[in-house]
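Below is one structure, written out as structure tokens; comments come after it.
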Amino acid sequence: RAGALCGAWLPAVVGIGAETCKVKGQVAGLSTDFEYPVTMIDLYSDLPFPAGNLVLGGGLGKGRFATVPASETFPDASLKQVYFSVGVPFGGVFDAHVSYHVIRGDTDIPNTLGKKVNLDANMATVGIKVGF
Numbered sequence: 576r577a578g579a580l581c582g583a584w585l586p587a588v589v590g591i592g593a594e595t596c597k598v599k600g601q602v603a604g605l606s607t608d609f610e611y612p613v614t615m616i617d618l619y620s621d622l623p624f625p626a627g628n629l630v631l632g633g634g635l636g637k638g639r640f641a642t643v644p645a646s647e648t649f650p651d652a653s654l655k656q657v658y659f660s661v662g663v664p665f666g667g668v669f670d671a672h673v674s675y676h677v678i679r680g681d682t683d684i685p686n687t688l689g690k691k692v693n694l695d696a697n698m699a700t701v702g703i704k705v706g707f
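To convert, take the position in the sequence shown, counting from 1, and add 575; that gives the working numbering.
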């Protein structure tokens with residue numbers, strides 16, 4: 576997954592963030608690949624320590640699941656996630672971090688009686704945070 580997260584946080588207050596990305600892969604039982612753009616609104620807490628930072632958060636969002644090539648249209652998926660991030664500050668305003676996200680969601684398969692595509696995922700990320 577590749578994407579971006581932008582957030583606003585004040586010391587001793589919970590932050591709010593928005594993230595977007597595109598997930599690609601394969602689903603067992605489907606003969607085609609898939610992709611879906613994801614948008615999330617997150618609440619998080621940034622807990623600074625002398626040698627690093629810990630971020631704990633969660634969010635709600637939507638994903639627009641589609642097969643590649645686009646042979647079927649699926650309803651938007653409601654997604655939820657929890658995540659944590661550990662970072663090491665450097666250069667005054669930067670933070671190099673690793674994160675782990677647990678995402679849960681599903682979407683209905685068109686023209687079936689209640690069959691769903693499970694969109695659960697676990698994801699590790701690496702990034703740079705800029706604070707000002």
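We treat Cβ as the ideally placed atom computed from N, Cα and C, and that holds for glycine. Every value quoted in this text rests on a predicted model; they were computed, and no experiment measured them.
Assuming the contact rule is C-beta atoms closer than 8 Å, Leu631 and Tyr619 should be a hit. Round their C-beta distance to whole Å, please.
Taking the sequence shown and counting its residues from 1, the one referred to as residue 631 is at position 56. Taking the sequence shown and counting its residues from 1, the one referred to as residue 619 is at position 44. A Cβ-Cβ separation of about 7 Å places Leu631 in contact with Tyr619 under the 8 Å criterion.
Would you kindly report the start and end of the unbroken beta strand (DSSP E) that includes Ile678?
Position 103 of the sequence shown, counting from 1, holds the residue named residue 678. That run of the beta strand (DSSP E) goes Phe669 to Asp683.
Sort out for me which residues DSSP pairs Asn686 with in a bridge.
On the sequence shown, residue 686 is found 111 positions in, with the first residue counted as 1. Bridge partners of Asn686: none, in fact.
How is Pro612 classed by DSSP in three states: helix, strand or coil?
As a working note, residue 612 is residue 37 in the sequence shown. Reduced to three states, the DSSP call for Pro612 is strand.
For Pro623, which beta-bridge partners are listed by DSSP?
Looking up residue 623 in the sequence shown gives position 48. In the DSSP output, where bridge partners are listed per residue, Pro623 has Asn628.
When burial is assigned at 16 or more other CB atoms within 10 Å of the CB, is Ser692 buried or exposed?
For the purposes of this step, residue 692 is taken as the residue at position 117 of the sequence shown. At residue 692 the sequence reads Val, which differs from the Ser that was named. Buried, by the Cβ-count rule.
Is the CB-CB distance between Thr682 and Phe649 below 8 Å?
Stepping through the sequence shown from its first residue, residue 682 is reached at position 107. Stepping through the sequence shown from its first residue, residue 649 is reached at position 74. Yes, these two residues count as a Cβ contact at 8 Å.
Take the Cβ of Tyr611 as the centre, count every other Cβ of all protein chains shown within 10 Å, and call the residue buried at 16 or more, exposed below.
Within the sequence shown, the letter at position 36 stands for residue 611. Under this definition Tyr611 is a buried residue.
Let me know if Ile703 comes out buried or exposed under the rule of 16 or more other beta-carbons within 10 Å of its beta-carbon.
As a working note, residue 703 is residue 128 in the sequence shown. Burial call: exposed.
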